[in-house]
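A.B. asks: Below are the structure tokens for one structure; questions will follow.
There are 2 protein chains.
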Amino acid sequence: MNTRNRILEAADELFYRDGIRSVSVDTIAKKAGVTKRTLYYNFRSKDDLIAAYLEARSDPTLSRYRRWFQEFDGTVAERIAGMFGKLAVWAKSPRWKGCGFARAAAELAGAPGHPAIAVASRHKKCFEQLFVELLRSEGVSKAGFVAQQLMVLLDGAITEILIHHDYSYAQVAGDAAMTLIEAHLKRSQALPGRRDLPRPGVHTEH
Amino acid sequence: MNTRNRILEAADELFYRDGIRSVSVDTIAKKAGVTKRTLYYNFRSKDDLIAAYLEARSDPTLSRYRRWFQEFDGTVAERIAGMFGKLAVWAKSPRWKGCGFARAAAELAGAPGHPAIAVASRHKKCFEQLFVELLRSEGVSKAGFVAQQLMVLLDGAITEILIHHDYSYAQVAGDAAMTLIEAHLKRSQALPGRRDLPRPGVHTEH
DNA sequence: GTCTATACACAGATAGAC
DNA sequence: GTCTATCTGTGTATAGAC
Numbered sequence: 003m004n005t006r007n008r009i010l011e012a013a014d015e016l017f018y019r020d021g022i023r024s025v026s027v028d029t030i031a032k033k034a035g036v037t038k039r040t041l042y043y044n045f046r047s048k049d050d051l052i053a054a055y056l057e058a059r060s061d062p063t064l065s066r067y068r069r070w071f072q073e074f075d076g077t078v079a080e081r082i083a084g085m086f087g088k089l090a091v092w093a094k095s096p097r098w099k100g101c102g103f104a105r106a107a108a109e110l111a112g113a114p115g116h117p118a119i120a121v122a123s124r125h126k127k128c129f130e131q132l133f134v135e136l137l138r139s140e141g142v143s144k145a146g147f148v149a150q151q152l153m154v155l156l157d158g159a160i161t162e163i164l165i166h167h168d169y170s171y172a173q174v175a176g177d178a179a180m181t182l183i184e185a186h187l188k189r190s191q192a193l194p195g196r197r198d199l200p201r202p203g204v205h206t207e208h
Numbered sequence: 003m004n005t006r007n008r009i010l011e012a013a014d015e016l017f018y019r020d021g022i023r024s025v026s027v028d029t030i031a032k033k034a035g036v037t038k039r040t041l042y043y044n045f046r047s048k049d050d051l052i053a054a055y056l057e058a059r060s061d062p063t064l065s066r067y068r069r070w071f072q073e074f075d076g077t078v079a080e081r082i083a084g085m086f087g088k089l090a091v092w093a094k095s096p097r098w099k100g101c102g103f104a105r106a107a108a109e110l111a112g113a114p115g116h117p118a119i120a121v122a123s124r125h126k127k128c129f130e131q132l133f134v135e136l137l138r139s140e141g142v143s144k145a146g147f148v149a150q151q152l153m154v155l156l157d158g159a160i161t162e163i164l165i166h167h168d169y170s171y172a173q174v175a176g177d178a179a180m181t182l183i184e185a186h187l188k189r190s191q192a193l194p195g196r197r198d199l200p201r202p203g204v205h206t207e208h
């Protein structure tokens, strides 16, 4: 494995475990088995390394959740609820420390223009798009709207688990996901002609 | 105002704005108009000050949400949806930087025994208990369960808004809250007294 | 590209006077 | 209780050799 990836691997382990501001570049360089000068040859700055750390984390995270979804049979509601059940198990690992993207955004809230925040935002939007596709494949109306709700449930559950170390929040969130998806299935069946109407008031501001 | 409170006020402003690890005790002391030595006379350590900062933040936060709830009429579902609508407005302030408790827990995920995490957990449990009481007062079944779901929605919405700067997540979370509460309403109690009011707060001016 | 060595600022925390 | 002055470790980042 090349030097840059060794550094990234060390950064991933330490940034995720201890938080991005708690970890020094010295520590990362030491763990990667290189000197600080080599680290700064491969990355312009620590901020640059932080953004690269999140960037490298995005695809594996999405793949994991996609795999969890595929491990279940049934309706899309049941399979997404299953995803939340998998999260509950996953979170019990002693290495689990919440969502690296949300935690980075929380730490960097005082640095609005930080490149890592843009990476985190992009990752979450990709995740939301995954939900959109899953929902559309079963004809859920207003898939974009419901996908936003699922993202809220997912990140909310992760936050509560991180604060309380109470894994039941994943289950109640999964239950909520199921209720919400089924509610929109009923609505689309009850009002078949209105499924494509835009919703005023929930329009995004990007 | 006494010295301790002046320090706490400065800490609140800086910790919330920039994050607890980004702010030095020097900066806080300077803002409070005292020397570092005085700060260390009033607080044993920076960790101690962080815990005190969150402790002082808890009651005002709960009061604010309680006040938002009371500003609305209608069913408990509608009033809680109204709370989420208020959050959307509140979050648009340039000083808003998400939930101080969740952000502190995110920053301190690498320091499991930190006293501030216990404070954050206690605060969130108080908040959840507030939801329990509101739900029970209108005969929602499984109030504890639904209150957990509402906490997930609240902290999830805050997380998404912080990451994307997209305030619509408060609205979709409020909508989800309403759907979930109504799904758990005891129909024997809910149907006779149920009014068909418009939903305040979820269609605010955007 | 990777090394040794170091610049320079700032972190948390303390000593001791008054 | 609040001050001035300071200790000690560590932070990000860079210079220049090979």
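Just so you know, the protein sequences line up as chains B and H, in that order. Counting from 3, one number per residue, gives the positions in the first sequence under our numbering. Counting from 3, one number per residue, gives the positions in the second sequence under our numbering. Each residue gets a CB set at the ideal place from its N, CA and C atoms; glycine is no exception. Predicted model, so just to flag it, every value in this text is computed and none were measured.
1) Using 9 Å as the threshold, is the C-beta distance between V78/B and E130/B below it?
2) Among all the DSSP beta bridges, which residues are the ones paired with V142/H?
3) I'd like the list of long-range same chain contacts for P202/H, defined as Cβ closer than 6 Å, with 5 residues on each side in sequence excluded.
4) Would you call A108/B buried or exposed, if buried means 16 or more other Cβ atoms sit within 10 Å of its Cβ?
5) Roughly how many angstroms lie between the CA atoms of W70/H and L136/H, to the nearest whole one?
6) Among residues of its own chain, excluding the 5 on either side of A149/H, which ones have a beta-carbon nearer than 7 Å to its beta-carbon?
7) Over what stretch of residues does the alpha helix (DSSP H) that includes F45/H continue unbroken?
8) Taking G87/B and R59/B to be in contact with their CB atoms under 8 Å, please state how far apart those CB atoms are, rounded to whole angstroms.
9) Quick one: Cα of S95/H to Cα of G76/B, how far?
10) What do you reckon, are the CB atoms on G176/H and R19/B nearer than 9 Å?
11) Under 9 Å Cβ-Cβ, which residues of chain B neighbour D20/H?
12) Name, please, each residue of chain H whose Cβ falls closer than 9 Å to the Cβ of V217/B.
13) Consult DSSP for H116/B and reduce its assignment to one of helix, strand or coil.
14) Do the region 159-177 of chain B and the region 162-172 of chain H touch if we need at least three Cβ pairs shorter than 8 Å?
15) Under 7 Å Cβ to Cβ from L16/B, same chain only, skipping five residues before and after it: list those, please.
16) Short check: CB of Y55/H to CB of I22/H, under 9 Å?
17) Ends of the alpha helix (DSSP H) at R19/B?
18) Let me know if K99/B comes out buried or exposed under the rule of 16 or more other beta-carbons within 10 Å of its beta-carbon.
19) Can you have a look at T37/B and say buried or exposed, based on whether 16 or more other CB atoms are within 10 angstroms of its CB?
20) Mind checking whether the beta-carbon of T37/H lies closer than 8 Å to any heavy atom of the ligand ADP?
21) Under 9 Å Cβ-Cβ, which residues of chain B neighbour F133/H?
22) With a threshold of 6 Å on Cβ separation, who are the neighbours of S47/B within its own chain once the five nearest residues in sequence on each side are excluded?
23) Give me the chain H residues within the contact set of K38/B, using Cβ-Cβ distance strictly less than 7 Å, ordered along the chain.
24) If we ignore side chains and look at the alpha-carbon of each, how far apart do A89/H and I163/H end up?
C.D. replies: From the atom records:
1) Taking the first sequence and counting its residues from 1, the one referred to as residue 78/B is at position 76. Taking the first sequence and counting its residues from 1, the one referred to as residue 130/B is at position 128. Against a cut-off of 9 Å, the Cβ pair of E130/B and V78/B comes out as no contact.
2) Mapped onto the second sequence, residue 142/H falls at position 140. For V142/H, which the question treats as bridged, DSSP gives the partners L187/H.
3) Within the second sequence, numbered from 1, the residue matching residue 202/H stands at position 200. Bear in mind that a pLDDT of 43 at P202/H, under 50, signals an unreliable position, so the model cannot answer this.
4) Along the first sequence, read from residue 1 onward, the residue named residue 108/B stands at position 106. Answer is buried; the Cβ neighbour count reaches 16.
5) Translated into the one-based positions of the second sequence, residue 70/H becomes position 68. Translated into the one-based positions of the second sequence, residue 136/H becomes position 134. If you take the alpha carbons of W70/H and L136/H, they lie about 13 Å apart.
6) Mapped onto the second sequence, residue 149/H falls at position 147. Correct list, in chain order: E130, F133, V134, L137.
7) Within the second sequence, the letter at position 43 stands for residue 45/H. Premise fails: F45/H is in no alpha helix (DSSP H) and is neither H nor E.
8) Residue mapping note: residue 87/B aligns to position 85 of the first sequence, counting from 1. Residue mapping note: residue 59/B aligns to position 57 of the first sequence, counting from 1. That pair is no contact at about 23 Å.
9) Locating residue 95/H in the second sequence gives position 93, counting from the first residue. Locating residue 76/B in the first sequence gives position 74, counting from the first residue. Each residue's Cα considered, the two are about 44 Å apart.
10) Numbered from 1 along the second sequence, position 174 holds the residue referred to as residue 176/H. Numbered from 1 along the first sequence, position 17 holds the residue referred to as residue 19/B. In this structure, R19/B does not lie closer than 9 Å to G176/H by Cβ.
11) Walking along the second sequence from the start, residue 20/H turns up at place 18. A111, G112, A113, listed in chain order.
12) Because chain B here runs from 3 to 208, residue 217/B falls outside it and cannot be looked at.
13) Sequence index remark: in the first sequence, residue 116/B carries index 114 (1-based). Of the three classes helix, strand and coil, the one that applies to H116/B here is coil, per DSSP.
14) no
15) For the purposes of this step, residue 16/B is taken as residue 14 along the first sequence, with counting starting at 1. Cβ contact annotation for L16/B (same chain, cutoff 7 Å, sequence separation greater than five): V25, T29, I30, K33, in chain order.
16) Here residue 55/H refers to the residue found at position 53 of the second sequence. Here residue 22/H refers to the residue found at position 20 of the second sequence. Yes, the pair counts as a contact, with Cβ atoms nearer than the cut-off.
17) Counting from one through the first sequence, the residue named residue 19/B turns up at place 17. Taken as a continuous stretch (DSSP letters only), the alpha helix (DSSP H) holding R19/B covers 5-20.
18) The sequence position of residue 99/B within the first sequence is 97, counting from 1. Flag for K99/B reads buried.
19) Numbered from 1 along the first sequence, position 35 holds the residue referred to as residue 37/B. Exposed, since its Cβ has fewer than 16 Cβ neighbours within 10 Å.
20) This structure simply doesn't include the ligand ADP, nor any ligand for that matter.
21) If you number the second sequence from 1, residue 133/H lands on position 131. Under the 9 Å cutoff, chain B gives no residues; its nearest Cβ is about 12 Å from F133/H.
22) As a position in the first sequence, residue 47/B is number 45, starting the count at 1. No residues qualify anywhere along the chain.
23) As a working mapping, residue 38/B is identified with position 36 in the first sequence. None at all; the shortest Cβ gap to chain H is about 21 Å.
24) For the purposes of this step, residue 89/H is identified with residue 87 of the second sequence, where counting begins at 1. For the purposes of this step, residue 163/H is identified with residue 161 of the second sequence, where counting begins at 1. Reading off the sequence shown, one finds Leu at residue 89/H, where the question assumed Ala. Cα to Cα, the separation comes out at about 10 Å.
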